[in-house]
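Numbering (my numbering), first residue to last: 139 to 198.
See below for the structure under consideration.
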Amino acid sequence: MLKLTALLLFTLTLSSCFLTKVVTVPLRVGGAVISVIPVIGDPVDSALDSVADVVDDVPI
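So, in structure tokens, the structure goes:
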């Protein structure tokens, strides 16, 4: 029970900026890795980057 309470308090103290970065950093890294694939890499990278920008703008 103590671990659950500590986890809940820790989650409540996190800033929203940190929470969105947890989601967007893997998207951006995945897009960068995929961008090296010829022909399909750049469009996929652009799409993932657009999604990451939208997630960054979410007002949490």
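All C-beta atoms, glycine included, are put in the ideal place defined by N, C-alpha and C.
CA-CA distance, residue i and residue j?
| i | j | result |
| --- | --- | --- |
| V193 | T149 | 19 angstroms |
| F156 | M139 | 26 angstroms |
| P176 | P164 | 21 angstroms |
Check whether the Cβ atoms of residue i and residue j sit closer than 8 angstroms, and answer yes or no.
| i | j | result |
| --- | --- | --- |
| A284 | T162 | The first residue shown for the chain is 139 and the last is 198, placing residue 284 beyond what the model contains. |
| S173 | D180 | yes |
Within a Cβ cutoff of 6 angstroms, which residues of the same chain sit near residue i, ignoring the five residues on either side of it in sequence?
| i | result |
| --- | --- |
| R166 | A190 |
| V182 | I172 |
Near residue i, what residues of its chain come up, given a Cβ to Cβ distance below 8 angstroms and the 5 sequence neighbours on each side ignored?
| i | result |
| --- | --- |
| V160 | none |
Closer than 7 angstroms by C-beta to residue i: which residues in its own chain qualify, once you throw out the five before and the five after it? Chain order, please.
| i | result |
| --- | --- |
| D195 | none |
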